[in-house]
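To convert a position in the sequence shown, counted from 1, into our numbering, add 16. From the three backbone atoms N, C-alpha and C, an ideal C-beta is built for every residue, glycine too. All of these numbers come straight from a predicted model, not from anything done at the bench.
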Amino acid sequence: MAPEIDVVVVGAGLTGAATAWALSRAGHSVVLFDAYGFGHDKGSSHGTSRIFRRIYPEALYVGMTGRALESWRKLEADSGARLLQVRGGIDHGSRRDPRALAAVAAEHQLAHELLSPAEAQQRWPGMLFDGPVLFQPDAGVVNADASTAAFLDVARQGGARLVCHTPVESIEVLDDHVVVHAGQVVRARRVVLAVGGWLPELLDACGLGIPLPPVQVTQQQVFHFRQRDPQAVFPVLVHKDDHQIFGLPSGGDAGPQPAMKIARHDGGTPTTAGTRSGLIDPAGRRLITEYVRTWLPGLDPEPVAEGTCLYTMTEDDDFILDRRGPVVVASPCSGHGAKFAPLLGEMIADLALGRAETHSRFALDRHLPRIAR
17 MAPEIDVVVV GAGLTGAATA WALSRAGHSV VLFDAYGFGH DKGSSHGTSR IFRRIYPEAL
77 YVGMTGRALE SWRKLEADSG ARLLQVRGGI DHGSRRDPRA LAAVAAEHQL AHELLSPAEA
137 QQRWPGMLFD GPVLFQPDAG VVNADASTAA FLDVARQGGA RLVCHTPVES IEVLDDHVVV
197 HAGQVVRARR VVLAVGGWLP ELLDACGLGI PLPPVQVTQQ QVFHFRQRDP QAVFPVLVHK
257 DDHQIFGLPS GGDAGPQPAM KIARHDGGTP TTAGTRSGLI DPAGRRLITE YVRTWLPGLD
317 PEPVAEGTCL YTMTEDDDFI LDRRGPVVVA SPCSGHGAKF APLLGEMIAD LALGRAETHS
377 RFALDRHLPR IAR
């Protein structure tokens, strides 16, 4: 029996929604399944604030951020929604090496300034610094909730069939197509697995025999702190010393008053998507509260909101974007994939349709010795 659909997408977070958008806008038939309601808070894509930044130590990601910026503007044009707000970002700390990052910025012709602690303190009086600070004006904030909704709305308008509250029960892999069982049977030329922290569980449950690079799913927690001066403009921040701390405007997650979202990139609690507790660790709250008290005097150090989410971490922090036969495995993970969402949707669509090969950094078998590949 011939496939009736070009691509089935499993998972409606940022990655799956972006893939459905990219496929449908290119004229391909799509069915998307999600086990929960669209926009749910059980994975990695919920909330109103995610960091967009151009600065990376590696040329691969610097180039991708430039392409991602173009793709964000494409999505905004498609949807009529403002999703990415540019406000500038800073990097500092002994483990962040702002001078080296400034050299990367110069090499890639990115606008930037390398500031002394005093210069940075004068510019952002609500923050403290003890070393050089790199400022890059193209950084900003992505509204994750609104972006997921925009991807899905445009995909639906393009003919995609979106099905929520419907977990995938099994996937049969045939020679040149798949049969997806999810309360209904759908034959498709390709299937894209974009299920975030559920990826190890789904691969095991469906018996697809696709080995992953080593991954660890962790529960992370975030905290929101009210600005003492509602008119102050805080940049996006990455600060790496004893801990890896990031911060950005909270958007609507902290209520109507201006606030900053502050969290650790490291230090998550190992879990699985199906067993996460969703409970805040008091020690983690104390650590972030003390960080705010020490480094961010422009914020009230008592959190006004808090929450948890999932990270799916690879050992090398690179993404997993690869195909095995008609199955595409898509995990733009390790806590830094959201900024690339529309570009990744386009890249995953190209993988599914055979228009591109995976990058070696994103390969499923990159952890294996070269002779065994």
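Proximity to residue 138 across 203, 248 and 342 peaks at 248, based on C-alpha coordinates. The C-alpha of residue 177 is placed about 50 Å away from the C-alpha of residue 131.
When the beta-carbon positions are compared, residue 107 and residue 308 stay at least 7 Å from each other. Nearest neighbour of residue 379 by Cα position, chosen from 334, 362, 352 and 98, turns out to be 334.
Residue pairing for residue 106: DSSP places it in a beta bridge opposite 151 and 253. Sorting 353, 375 and 144 by C-alpha distance to the C-alpha of residue 34 places 353 at the top.
Counting every other CB atom within 10 Å of its CB across the protein chains shown gives residue 377 a total below 16, marking it as exposed. Judged by DSSP secondary structure, residue 95 falls within the alpha helix (DSSP H) whose first and last residues are 75 to 95. For the pair residue 83 and residue 184, the Cα-to-Cα distance works out to about 32 Å.
Around the beta carbon of residue 220, fewer than 16 other beta carbons sit within 10 angstroms, so the residue counts as exposed. In this structure, the CA atom of residue 41 is about 40 Å from the CA atom of residue 296.
DSSP places residue 363 in the helix class (H, G or I) of the three-state scheme.
Within a 10 Å sphere around the beta-carbon of residue 190 sit fewer than 16 other beta-carbons, which makes this residue exposed.
DSSP places residue 58 in the coil class of the three-state scheme, outside both helix and strand.
If you check the CB distance, residue 37 and residue 271 do not come in under 7 Å. Residue environment analysis places residue 286 among the exposed positions, since fewer than 16 neighbouring C-beta atoms fall within 10 angstroms of its C-beta. With the rule of 3 Cβ pairs closer than 8 Å, the stretch 227 to 246 counts as touching the stretch 273 to 288.
Taken atom to atom, the span from the alpha-carbon of residue 151 to that of residue 266 is near 20 Å. With a cut-off of 8 Å on Cβ pairs, the stretch 19 to 31 is in contact with the stretch 51 to 63, counting three or more such pairs. Between residue 112 and residue 256, the gap from beta carbon to beta carbon is short of 7 Å. Scanning its chain for C-beta atoms nearer than 7 Å, with the 5 sequence neighbours on each side dropped, one finds around residue 338 the residues 345, 374, 378, 379 and 380, in chain order.
Approximately 15 Å separates the beta-carbon atoms of residue 31 and residue 161; this is outside 8 Å, ruling out the contact. With respect to the C-alpha of residue 173, the residue from 94, 383 and 216 having the closest C-alpha is 94.
For residue 263, same chain residues with a beta-carbon under 6 Å away, outside a window of 5 residues either side, are 253, 276 and 278 in chain order.
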